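Data first, discussion second: the structure below is written as structure tokens.
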């Protein structure tokens, strides 16, 4: 009886820590609201289009009559490109707008010129990546999210602090990003990058025994696993669950080569009825996922998240078994 009372007391603490108002969520997400234009792209008729800039190399086909010529001008520091007998300002324009501008300027000398403009080399929209990933200078090619860029970098190493990414903007402001929240479905936090951004992914001392918690918890991340750590302990380490959590469908994803087992626990039953059978002991490298909506088919779910976890250097097996603790 005393043991059950202790568990229910801890559950109550977790509930309190997990309560989160809609106003708080709105404040946290305000800097990740939908962006339709920045220095890198602009949305026209709902389609993101790259903005040309200094250093970009273009490929321009001119067809006048039966004569076809190709040019590869670079956008100069003054924003102009040079064509035969003609300078045209294209910086800040989209490719389509640049085509129209070149056609307009040529139209002064040639009747109905045909113009095709493409970007041959993207060199104007630079972002810097530092830390545990492949450091270096990278060029944006249009509307790009943080997760898309990290995917292009072939993922992050196991010692990357995925919950403490820092993004410094050209204006000097710094945004702190938890990549695991994005992976857990918080798409409003998948910030859209812009020219001049600096991305820093710090390293973390990864304990030999560790667990990963993501989804609808307040602080998703990588945590050390001590002996005797339970599922409810882990939720508490992550500062509890959010108001959106579907506790009855909480999953512990455990991979013991060559097999991945999904253990579905009903934390709602644990909280309301004190069913301690749902409070399983955790093993090294367990992945705990608290969903936002009920998962109908765990096999399909695992196949969907498999590429993401490979990106995070956490490969999942293709052989999957499902075990529900309430059965």
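In this note's numbering, the protein residues as written are 1 to 327. Each residue gets a CB set at the ideal place from its N, CA and C atoms; glycine is no exception. Just so you know, these numbers come straight off a predicted model, no measurement behind them.
So, for residue 142: in the same chain, excluding its five sequence neighbours on each side, which residues have a beta-carbon less than 8 Å away from its beta-carbon? 40, 41, 48, 49, 50
Would you list the one or two residues that DSSP bridges to residue 176? 166
Counted within 10 angstroms of its Cβ, other Cβ atoms place residue 68 as buried (16 or more) or exposed: exposed
Which full runs of the alpha helix (DSSP H) of 4+ residues lie inside the region 54-137, going along the chain? 95-106
Member of 36, 279, 260 whose CA lies at the smallest distance from the CA of residue 268: 279
Is the region 269-277 close to the region 159-174, with three or more CB pairs under 8 Å? no
Give me the residue from 302, 227, 226 with the minimum Cα distance to residue 254. 302
Near residue 38, what residues of its chain come up, given a Cβ to Cβ distance below 6 Å and the 5 sequence neighbours on each side ignored? 194
Below 7 Å CB to CB, which residues in the same chain sit around residue 98 once its five sequence neighbours on both sides are set aside? 52, 90, 117
Please report the residue range of the beta strand (DSSP E) in which residue 142 lies. No beta strand (DSSP E) holds residue 142; DSSP gives it neither H nor E.
Cβ-Cβ separation, residue 265 to residue 256 (assumed contact under 8 Å), whole Å: Actually they are not in contact, since the Cβ atoms of residue 256 and residue 265 sit about 18 Å apart, beyond 8 Å.
Quick one, which of 213, 136, 74 has its alpha-carbon nearest residue 236's? 213
For residue 57 and residue 74, I'd like the C-alpha separation in whole angstroms. 4 Å
Is residue 86 closer than 8 Å to residue 106 when the C-beta atoms are compared? yes
Expressed to the nearest angstrom, what Euclidean distance is found between the alpha-carbon atoms of residue 110 and residue 88? 15 Å
Cα-Cα, which of 201, 211, 283 is closest to residue 130? 201
Residue interval of the beta strand (DSSP E) (run including residue 272): No beta strand (DSSP E) holds residue 272; the alpha helix (DSSP H) holding it covers 267-273.
Taking the beta strand (DSSP E) that residue 193 falls in, what are its first and last residues? From DSSP, residue 193 is part of no beta strand (DSSP E); its letter is neither H nor E.
Would you decide whether residue 286 is buried or exposed? Buried here means 16 or more other CB atoms lie within 10 Å of its CB. buried
Whose C-alpha, out of 124, 115, 187, 246, is nearest the C-alpha of residue 216? 246
Stretch-stretch touch, CB-based, cutoff 8 Å, three pairs: the region 146-154 with the region 178-194: yes
Buried or exposed: residue 199, going by 16 or more other Cβ atoms within 10 Å of its Cβ? buried
Taking only three categories from DSSP, how would you classify residue 37? strand
Secondary structure at residue 158, three-state DSSP: helix, strand or coil? coil
Go to residue 235, then tell me how far its alpha helix (DSSP H) extends in each direction, as first and last residue. 231-237
For residue 290 and residue 223, believed in contact at Cβ under 8 Å, the rounded distance: 14 Å between Cβ atoms; not a contact.
Within the continuous beta strand (DSSP E) that includes residue 218, where are the two ends? Premise fails: residue 218 is in no beta strand (DSSP E) and is neither H nor E.
Own chain residues within Cβ distance below 8 Å of residue 325, not counting five before or after: 263, 264, 265, 266, 277, 278, 280
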